[in-house]
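S.K.: If you want our numbering, it's the 1-based position in the sequence shown plus 9.
Beta carbons are placed, not taken as given, at the ideal position from N, Cα and C, and that holds for glycine.
Keep in mind it's a predicted model, so treat the numbers as computed, not measured.
Before we start, here is the structure in question, set down as structure tokens.
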Amino acid sequence: ALGRLQEVKGSGVVGEQPVLRPGEHYEYTSGTPLATPSGIMVGSYQMTTLDGEQFDVFVPAFSLDSPHQTMRIN
């Protein structure tokens, strides 16, 4: 918001560390406070296989828009 960047790092996703087997998926809902009615989120998750190998899963940019604003910036 307003050209500011905030980096979030932590262990797990919303406090959980799911184990996903081939073909499984995981869904969650989260939120973040914004100083403006609109923002953008982008990032990655670092995953670890059961063998201990690490790899990154990239999350493409998506907009965060207040449902209370009539005009969308992003």
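At the level of alpha carbons, what is the spacing between Phe3 and Gly52?
M.R.: Nothing about residue 3 can be reported from this structure: the residues present for the chain run from 10 to 83 only.
S.K.: Have a look at Leu14, Gly32, Glu36, Thr45 and flag the residue whose alpha-carbon is nearest the alpha-carbon of Val23.
M.R.: It is Glu36 whose Cα lies nearest to the Cα of Val23.
S.K.: Please tell me whether Ser47 and Ser20 are closer than 8 Å, where the distance is taken between their beta carbons.
M.R.: No. Outside cutoff.
S.K.: Please report the straight-line C-alpha distance between Glu62 and Thr79, rounded to a whole angstrom.
M.R.: Roughly 46 Å separates the two Cα atoms.
S.K.: Relative to the alpha-carbon of Thr58, which residue among Leu14, Val17, Val28 has its alpha-carbon at the smallest distance?
M.R.: Measuring from the Cα of Thr58, the nearest candidate turns out to be Val28.
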